[in-house]
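For the sequence shown, my numbering gives the first residue as 1, with consecutive numbering after it.
No residue lacks a Cβ here, since even glycine has one placed at the ideal position from N, Cα and C.
These numbers were taken from a predicted model, which means no experiment stands behind them.
Report on the following structure.
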Amino acid sequence: MRKPVIVAIDGPAGAGKSTIARSVARKLGFTYIDSGAMFRAIALWAMRANVDLDDLHKLEQLAREARIEFDGDSRVLLNGEDVTAEIREPEVSKAASKVSIAPGVRRALREEQRRIGSLQPVVMEGRDIGTVVFPDADVKIYLDADPEIRAGRRAQETGAAVSEIAREMEERDQRDRTRSEAPLTQAPDAEYIDSTELSPEEVEEAILRVVRARTSNGQGH
Ligand code: DC
């Protein structure tokens, strides 16, 4: 049997990955996986358990023990509890960015991401999906946008001040891009899409075109 198709979408925060990846997955009939939500869930658990975010060993342990499930394409469960809203809190965003530096956490989540991708066709979005998790992904997209636009979109989603978001986002982007383990970077064979001046529909269409070109017409297997 052939391996299920993997569509990897990477890029910085606020580039529109989640919205687009979810709608592309619906169109294709693939499972949508938000890998950032997995790092967020581990961060939430660590915060609740008062685990020091510098304790790499303990963080890895949590990542190995955590049961993270996706209920449909929008709800996230941590050890059976619906944490969909809580993992979007600003403190969790910050903690997730720190937790994602831990090599052991990345290793544990990578294994889980690969397992999920081996079972069904997926659209998986994150920072290192096309570079590290699935270097052989059938389709790789690097979705980008101007920093001001990304901050503006996030501000609209969360209701926070744009200036505050822009500052926090810059800090997180910097950490995501410069960490030694699986930093955010474009895979050489990824299609670069700048969403600054595009509507969500236009970005979706651009991605679907790449999917059609690189798979036998978007078939999952
Ligand atoms: O996409 P997001 O903002 O929900 O991701 C939360 C954090 O997790 C972000 O700081 C980067 C990190 N992350 C990562 O390191 N690798 C991924 N594949 C996905 C997210």
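- In the three-state DSSP reduction, F30 falls in the coil class, being neither helix nor strand.
- Within the same chain, I141, Y142, L143, D144, V203, A206 and I207 come within 8 angstroms of I193 by CB-CB distance, once the 5 residues on both sides are set aside.
- From the listed residues A102, A37, T215 and D52, the smallest Cα separation to R175 is found for A102.
- Counting of Cβ neighbours within 10 angstroms places R209 among the exposed residues, the total staying below 16.
- Contact between L62 and V51 holds: their C-beta atoms lie close to 7 angstroms from each other, under 8 angstroms.
- The continuous alpha helix (DSSP H) containing L56 extends over residues L56 to E65.
- Contact between the stretch 154–171 and the stretch 35–42 is absent, with fewer than three C-beta pairs closer than 8 angstroms.
- Measuring C-alpha to C-alpha distances from G72 to each of A213, L56, G29 and A151 identifies G29 as the nearest.
- Across the structure, K17 and A8 are spaced so that their CA atoms are roughly 10 angstroms apart.
- Per DSSP, F134 lies in no beta strand (DSSP E) and is assigned neither H nor E.
- Inter-residue distance for L53 and A95 is about 7 angstroms (C-alpha atoms, whole angstroms).
- Collapsing the DSSP output to three states places E125 in a strand.
- Contact annotation, D10 with D128: C-beta distance approximately 7 angstroms; criterion of less than 8 angstroms satisfied.
- Counting every other CB atom within 10 Å of its CB across the protein chains shown gives A213 a total below 16, marking it as exposed.
- A13 has its CB nearer than 6 angstroms to a heavy atom of the ligand DC.
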